[in-house]
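In my numbering, the protein residues as written are 1 to 351. Ideal Cβ placement from N, Cα and C applies to all residues, glycine included. Small disclaimer: the values here were computed from a predicted structure and weren't measured.
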Amino acid sequence: MDLSQPVDEAFTKALPKIELHAHLSGSISRQCLHELWEKKKSQDPNFPIEDPWVLMPPGKVDYTLETFFQTFSKSIYHLCNDLESLSYATNSVLSNFYEDGVRYLELRSIPRAFSGSDVSKEGYVTAVLDSIDSFKARTNNDMPVYLILAIDRKDTAAQALDTVNLAIKYRPRGVVGIDICGNPNKGDVSIYRGAFTKAKANGLRITVHFAETPFSGSPAELETLLSYQPDRLGHVIHVPDDIKQEIARRQLGLELCLSCNVHAKMINGGFLDHHFGYWRHVDCPVILCTDDMGFFCSPVSNEYLLAAHHFNLSRADVLALCRKSFRAIFGGPEEKDRLYTLLDNFEAGSQ
Numbered sequence: 001m002d003l004s005q006p007v008d009e010a011f012t013k014a015l016p017k018i019e020l021h022a023h024l025s026g027s028i029s030r031q032c033l034h035e036l037w038e039k040k041k042s043q044d045p046n047f048p049i050e051d052p053w054v055l056m057p058p059g060k061v062d063y064t065l066e067t068f069f070q071t072f073s074k075s076i077y078h079l080c081n082d083l084e085s086l087s088y089a090t091n092s093v094l095s096n097f098y099e100d101g102v103r104y105l106e107l108r109s110i111p112r113a114f115s116g117s118d119v120s121k122e123g124y125v126t127a128v129l130d131s132i133d134s135f136k137a138r139t140n141n142d143m144p145v146y147l148i149l150a151i152d153r154k155d156t157a158a159q160a161l162d163t164v165n166l167a168i169k170y171r172p173r174g175v176v177g178i179d180i181c182g183n184p185n186k187g188d189v190s191i192y193r194g195a196f197t198k199a200k201a202n203g204l205r206i207t208v209h210f211a212e213t214p215f216s217g218s219p220a221e222l223e224t225l226l227s228y229q230p231d232r233l234g235h236v237i238h239v240p241d242d243i244k245q246e247i248a249r250r251q252l253g254l255e256l257c258l259s260c261n262v263h264a265k266m267i268n269g270g271f272l273d274h275h276f277g278y279w280r281h282v283d284c285p286v287i288l289c290t291d292d293m294g295f296f297c298s299p300v301s302n303e304y305l306l307a308a309h310h311f312n313l314s315r316a317d318v319l320a321l322c323r324k325s326f327r328a329i330f331g332g333p334e335e336k337d338r339l340y341t342l343l344d345n346f347e348a349g350s351q
């Protein structure tokens with residue numbers, strides 16, 4: 001491989017990559033949502049939900065946090081409201097990551113009970129795990145997939161504990177961690193201490209959405225979240241200097257989502273102003289992630305391309321960034337060894 005060549009799309013797509021911050025519902029492509037809509041419309045001509053192509057037209061990526069969450073309540077949750085559509089969407093999401101050259105995936109989702117049916121939160125989790133198992137069997141496990149169950153910021157303490165209990169129960173099937181997400185301008189994360197304590201005690205790893213907005217970037221919230229002993233942090237936007245120093249001291253994995261943060265105006269400015277430029281010089285594993293590919297239309301390969309373009313990264317820089325990111329996965333040592341071998345072979349040009 002000629003490392004002197006500039007980073008291009010072919011390089012970043014062929015690069016054996018990981019994705020650690022992908023929300024299942026937000027990663028469903030517009031084409032897949034449209035197909036789900038067509039099926040429901042054919043079954044019920046009075047199906048009241050608008051065609052996703054109208055609500056989410058091609059090329060639209062300028063979602064604010066408010067319009068982002070509205071789209072779930074207006075459309076996505078109505079289209080994925082039974083086990084058949086959930087399985088169809090999950091398979092589509094997994095296929096898209098695989099085709100983009102992702103070779104290790106941690107997918108995350110808030111367990112949902114489907115209203116108007118007998119599908120419980122546990123039924124939701126098992127359906128996603130069944131879809132993952134089927135996909136891995138079809139692809140010879142070329143892309144190992146693990147699941148992170150997420151606590152919604154609007155959950156009660158009891159509901160959060162229920163999510164942790166589900167994660168513990170399904171650890172043998174590939175649930176590896178707990179997240180906290182949802183609308184970052186709502187909620188009090190301090191009520192979840194018991195849930196996170198139990199998760200840690202039972203061997204689950206922890207990643208948290210961290211300082212997405214000024215509201216969720218208050219010193220009290222950030223100190224509370226750090227007290228839960230997370231292994232990774234997502235977004236890390238509104239972070240004061242003393243907290244940055246603590247993050248660096250702990251060498252926490254950082255899930256950074258360039259396109260999401262820029263298009264949703266979660267940061268001031270454009271790509272060059274993104275805090276990736278700061279954190280890439282700190283001894284923390286930085287993992288470039290998509291967050292919600294269905295909204296921001298940027299696969300992992302494009303996130304690497306954007307980082308290379310805006311921060312003048314060479315092919316060697318990209319390889320080093322990718323290699324360092326492997327340290328942060330929640331899979332075991334054998335998964336890390338497999339990824340290092342894939343990257344070594346890619347770098348040697350023998351793949």
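Separation of residue j from residue i, as counted between CA atoms
i	j	result
aspartate 241	histidine 21	24 Å
glutamate 303	valine 125	29 Å
serine 85	phenylalanine 114	12 Å
arginine 327	glycine 277	20 Å
arginine 108	aspartate 133	15 Å
glycine 234	glutamate 255	5 Å
alanine 264	proline 214	14 Å
valine 262	leucine 15	24 Å
serine 216	phenylalanine 210	7 Å
threonine 67	phenylalanine 295	11 Å
asparagine 312	serine 95	30 Å
leucine 252	asparagine 202	20 Å
glycine 23	proline 45	The displayed chain sequence assigns histidine, not glycine, to residue 23. The alpha-carbon atoms of histidine 23 and proline 45 are separated by roughly 30 Å.
valine 164	aspartate 179	10 Å
lysine 40	cysteine 260	30 Å
serine 25	valine 54	18 Å
serine 42	leucine 83	18 Å
glutamine 351	histidine 310	Low confidence applies to glutamine 351: its pLDDT is 42, below 50, so where it sits in the model is not reliable enough to give any reading.
glutamate 246	phenylalanine 11	35 Å
glycine 332	alanine 307	28 Å
proline 219	asparagine 185	15 Å
tyrosine 340	aspartate 317	16 Å
aspartate 8	serine 314	10 Å
leucine 36	methionine 56	14 Å
valine 119	proline 299	31 Å
Expected contact under 8 Å - CB spacing of residue i and residue j to nearest Å
i	j	result
glycine 187	lysine 154	6 Å
valine 93	isoleucine 28	6 Å
methionine 143	valine 102	6 Å
threonine 71	tyrosine 98	The pair is not a contact, with the Cβ atoms about 25 Å apart (cut-off 8 Å).
tyrosine 170	isoleucine 329	With 8 Å as the limit, tyrosine 170 and isoleucine 329 do not qualify as a contact, their Cβ atoms being about 18 Å apart.
cysteine 322	leucine 343	6 Å
glutamate 212	isoleucine 237	6 Å
alanine 127	serine 87	6 Å
lysine 13	aspartate 100	6 Å
Residues bridged to residue i (per DSSP)
i	result
leucine 107	Ala22, Leu147
isoleucine 178	Leu149, Ile206
arginine 112	Paired residues: none, contrary to the question.
glycine 168	The residue you asked about is not glycine; residue 168 is isoleucine in the sequence shown. DSSP, once it has assigned bridges, lists no residue as partnering isoleucine 168.
isoleucine 28	According to DSSP, isoleucine 28 bridges with nothing at all.
arginine 280	DSSP lists no partner for arginine 280.
glycine 234	His209, Glu255
isoleucine 287	Glu255
valine 128	Beta-bridge pairing links valine 128 to no other residue.
valine 102	Lys17
Proximal residues to residue i (C-beta, below 6 Å), its chain only, five neighbours per side dropped
i	result
cysteine 257	Cys289, Asp291
leucine 33	Pro52, Leu79
glycine 349	Met1
leucine 204	Ala167, Gly177, Ile178
phenylalanine 346	Pro16
cysteine 181	Ala150, His209
valine 282	Ala248
Cβ-based neighbour list, residue i, same chain, cut-off 7 Å, excluding 5 preceding and 5 following
i	result
leucine 166	Pro111, Lys121, Glu122, Val125, Leu149
glutamate 221	Val189
valine 175	Leu147, Leu149, Ala167
leucine 129	Leu147, Tyr170, Arg173, Gly174
cysteine 297	Val61
glycine 270	Val262
Beta-carbon proximity list for residue i, same chain, < 8 Å, skipping 5 on both sides
i	result
lysine 324	Pro285, Val286
asparagine 91	Ser131, Ser134, Phe135
threonine 64	Ala264, Lys265
glycine 116	Asn81
asparagine 183	Leu65, Phe69, Arg153, Lys154
aspartate 273	Ile267
serine 73	none
threonine 156	Ile191
Below-9 Å beta-carbon distance, residue i vs any chain B residue
i	result
alanine 316	Structure shown: chain B not included; a single protein chain is present.
Specify whether the region 60-68 and the region 1-8 touch according to this definition: at least 3 beta carbon pairs, one from each stretch, less than 8 Å apart.
The answer is no - the region 1-8 does not touch the region 60-68, with fewer than three Cβ pairs under 8 Å.
Closer than 8 Å is the cut-off here; do at least three beta carbon pairs connect the region 185-200 with the region 154-164?
With a cut-off of 8 Å, the region 154-164 and the region 185-200 count as touching, because enough Cβ pairs lie within range.
State whether the region 194-206 contacts the region 228-248, with contact taken as three or more CB pairs (one from each stretch) at a distance under 8 Å.
Taking a cut-off of 8 Å for Cβ pairs, the region 194-206 and the region 228-248 touch, as three or more such pairs fall below it.
Say whether the region 40-60 touches the region 72-80, bearing in mind that this needs 3 or more beta-carbon pairs closer than 8 Å, one atom from each stretch.
Output reads yes: the region 72-80 touches the region 40-60.
Touch check for the region 329-346 and the region 296-311: three-plus C-beta pairs under 8 Å?
Taking 8 Å as the limit for Cβ pairs, the verdict is that the region 296-311 does not touch the region 329-346.
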